[in-house]
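Residue numbers (UniProt numbering): 1 to 403.
1. So what does residue 34 bridge to, in DSSP terms?
2. Work out the CA separation of residue 228 and residue 256 for me, nearest whole Å.
3. What does the alpha-carbon distance come out to for the pair residue 252 and residue 339?
4. Grab the span of the alpha helix (DSSP H) containing residue 140 for me, first residue to last.
5. From residue 98 to residue 61, what distance separates their C-alpha atoms?
6. What residue does the alpha helix (DSSP H) around residue 103 start on, and which one ends it?
7. From this set, 127, 43, 281, 63, which residue's C-alpha is nearest residue 196's C-alpha?
8. Can you tell me whether DSSP reads residue 164 as helix, strand or coil?
9. In whole angstroms, give me the CA-to-CA distance for residue 52 and residue 102.
10. Tell whether a beta-carbon distance below 8 angstroms holds between residue 374 and residue 390.
11. Quick one: residues in its chain with C-beta nearer than 7 angstroms to the C-beta of residue 224, no 5 flanking neighbours on either side, listed in chain order?
12. Using a Cβ distance threshold of 8 angstroms, determine whether the region 308-325 contacts the region 357-377, with at least three qualifying pairs required.
13. Where do the ends of the beta strand (DSSP E) carrying residue 306 lie?
14. According to DSSP, simplified to helix, strand and coil, what is residue 69?
15. Any idea if residue 183 is buried or exposed, counting beta-carbon neighbours within 10 angstroms, 16 or more meaning buried?
16. Return helix, strand or coil for residue 149, following the three-state DSSP convention.
17. Whole-angstrom Cβ separation of residue 407 and residue 161, contact assumed at under 8 angstroms?
18. Just to confirm, is the Cβ distance from residue 299 to residue 386 under 8 angstroms?
19. Return the residue from the list 232, 92, 218 that minimises the CA-CA distance to residue 171.
20. Taking a contact to mean a Cβ-Cβ separation below 8 angstroms, would you say residue 176 touches residue 149 in this structure?
21. If you pair each beta-carbon of the region 134-146 with each one of the region 116-123, do three or more pairs fall below 8 angstroms?
22. Grab me the residues of residue 278's own chain with a C-beta within less than 7 angstroms of its C-beta, minus the 5 sequence neighbours each way, in chain order.
23. Tell me which residues share the same chain as residue 130 and place their Cβ nearer than 7 angstroms to its Cβ, disregarding the 5 neighbours each side in the sequence.
24. Could you tell me if residue 29 is buried or exposed, where buried requires 16 or more neighbouring beta carbons within 10 angstroms of its beta carbon?
25. At the level of alpha carbons, what is the spacing between residue 362 and residue 186?
26. Could you check where the beta strand (DSSP E) with residue 315 kicks off and where it finishes?
27. Please classify residue 244 as buried or exposed, where buried requires at least 16 neighbouring CB atoms within 10 angstroms.
28. Would you kindly work out how many angstroms separate the C-alpha atoms of residue 222 and residue 188, rounded to a whole number?
29. Mapping DSSP to helix, strand and coil, what is residue 234?
30. Taking the continuous alpha helix (DSSP H) assigned at residue 333, which residues delimit it?
31. From the DSSP secondary-structure annotation, give me the bridge partner or partners of residue 390.
32. Just how far apart, CA to CA, sit residue 90 and residue 32?
33. Bridge partners of residue 292, per DSSP?
34. Could you compute how far the alpha carbon of residue 174 sits from the alpha carbon of residue 77?
35. Which residues mark the beginning and the end of the beta strand (DSSP E) in which residue 61 is found?
36. What residues are listed by DSSP as bridge partners for residue 260?
Here's what the structure looks like:
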């Protein structure tokens with residue numbers, strides 16, 4: 001559930017300031033985040049357990065029984081995926097009921113992939129962003145499929161950035177199902193529907209019934225959706241599920257050739273073509289795709305746009321001081337002074353001034369504090385210098401690779 005790009009909506013289900021006591025803790029509703037067809041999502045704060053004070057997402061279903069099936073499916077899948085050490089799907093904290101409304105409390109995440117793509121203004125995503133997304137989505141699908149489940153609604157709004165792990169996670173399991181059950185509902189959203197899902201939905205719509213279990217879509221339908229999402233990242237265009245999709249993707253990639261290395265695009269097309277093979281049996285599993293050479297090609301770095309858009313607990317400040325080849329009392333004094341300013345926005349767990357570049361890196365205890373700090377510090381004048389603030393990749397921070 002996302003805390004970013006809040007839109008103006010009319011939120012009706014939960015009043016601001018509402019405090020709800022549950023067996024997993026007490027949460028207080030803050031502000032609204034998003035409004036969907038069957039539910040509303042609010043930001044809240046959980047207290048009363050080991051995650052005291054954590055920001056959370058509060059997903060409340062409207063009081064209509066036709067949504068009961070979606071709620072039950074989501075809760076079942078979230079509990080199925082709640083394995084120790086698993087960080088590939090949104091973490092479920094608990095569920096409760098308030099005045100007839102079913103509520104799910106989950107960890108608060110950053111922007112959706114849809115918001116990320118919109119920020120590119122119909123242009124293309126960076127190689128780093130595309131490869132990171134593809135890897136994390138496939139890891140999530142591998143975990144889901146190995147648990148005997150199908151997401152069945154994989155699309156950019158249902159892929160969110162988790163600032164705590166600096167990675168993408170899968171959310172919204174309202175259409176998900178087990179491969180062992182008899183599927184009785186329509187699945188997948190237009191634009192990301194596999195051919196077999198389109199046939200399945202059409203059959204259900206015309207007859208009111210579904211085919212036998214042997215004909216129902218399986219995990220490979222999610223692979224199709226993943227291929228469409230990756231193609232959208234590379235082309236800035238939503239790919240139609242009709243016609244020769246692989247040929248369409250090839251044409252779109254050719255139009256984007258000036259933005260990527262040629263070898264990168266060639267491997268990308270081969271990868272996507274495998275995902276959108278018309279026959280479900282011809283699509284590789286998520287596990288197989290994770291070993292594709294394209295995902296482990298060049299070691300791309302995030303662009304400045306990526307670092308502005310995707311929060312982490314680490315803030316990078318440019319233009320803190322002049323680059324120098326040696327540390328001095330002056331440099332240390334500047335570091336101490338800027339860190340004191342940064343402390344206004346939250347608890348700092350570590351910091352580092354890279355003298356060779358004049359850049360300061362500040363790690364916050366909570367990513368939400370880093371998000372506020374980045375917004376407030378960007379453009380701030382400090383000692384006649386205008387600071388430029390972005391986020392910084394967790395992996396680079398942990399490996400002491402500063403850029």
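A virtual CB, placed ideally from N, CA and C, is assigned to each residue, including glycine. Note that this is a predicted model, so its numbers are computed, not measured.
Short version:
1. Beta-bridge pairing by DSSP links residue 34 to 41.
2. Cα to Cα, residue 256 sits roughly 16 angstroms from residue 228.
3. Rounded to whole angstroms, residue 252 to residue 339 spans 46 angstroms at the Cα level.
4. Start and end: 127-146.
5. The alpha-carbon separation between residue 98 and residue 61 amounts to approximately 10 angstroms.
6. No alpha helix (DSSP H) contains residue 103, which is instead part of the beta strand (DSSP E) from 101-107.
7. Considering only 127, 43, 281, 63, the residue with the shortest C-alpha distance to residue 196 is 281.
8. DSSP, read as helix, strand or coil, puts residue 164 in coil.
9. Unreliable placement is indicated for residue 52, whose pLDDT of 41 sits below 50; no coordinate value is reported for it.
10. Yes, Cβ-Cβ distance for residue 374 and residue 390 is below 8 angstroms.
11. For residue 224, where only same-chain residues beyond five positions count, the Cβ hits under 7 angstroms are 194, 275, 276, 283.
12. By the criterion of at least three beta-carbon pairs nearer than 8 angstroms, the region 308-325 is in contact with the region 357-377.
13. Segment 304-309 is the alpha helix (DSSP H) holding residue 306; no beta strand (DSSP E) there.
14. Residue state, collapsed to three classes: helix.
15. Looking at its Cβ environment, which holds 16 or more other Cβ atoms inside 10 Å, residue 183 is buried.
16. Three-state result, residue 149: strand.
17. Given that the chain is displayed from residue 1 to residue 403, the structure contains no residue 407 and the question cannot be resolved.
18. Not a contact, by the Cβ cut-off of 8 angstroms.
19. Nearest option by C-alpha distance: 92.
20. Cβ distance < 8 angstroms, so residue 176 and residue 149 count as in contact.
21. With a cut-off of 8 angstroms, the region 116-123 and the region 134-146 do not count as touching, because too few Cβ pairs lie within range.
22. For residue 278, the CB contacts under 7 angstroms within the same chain, skipping 5 residues up- and downstream, are 195 in chain order.
23. Result list for residue 130: 230, 233, 234, in chain order.
24. Flag for residue 29 reads buried.
25. Between the alpha carbons of residue 362 and residue 186 lies a distance of about 47 angstroms.
26. Element bounds for residue 315: 314-318.
27. Around the Cβ of residue 244, a 10 Å sphere holds fewer than 16 other Cβ atoms; the residue is exposed.
28. Straight-line Cα distance between these residues: approximately 9 angstroms.
29. It is helical.
30. Note, residue 333: alpha helix (DSSP H), 329-342.
31. Answer is 316.
32. Looking at the backbone, the Cα of residue 90 and that of residue 32 are separated by about 19 angstroms.
33. For residue 292, which the question treats as bridged, DSSP gives no partner whatsoever.
34. The alpha-carbon of residue 174 is positioned some 9 angstroms away from that of residue 77.
35. 54-61 is the span of the beta strand (DSSP E), which, as asked, contains residue 61.
36. Looking at the DSSP assignment, residue 260 forms no beta bridge with any residue, so it has no partner.
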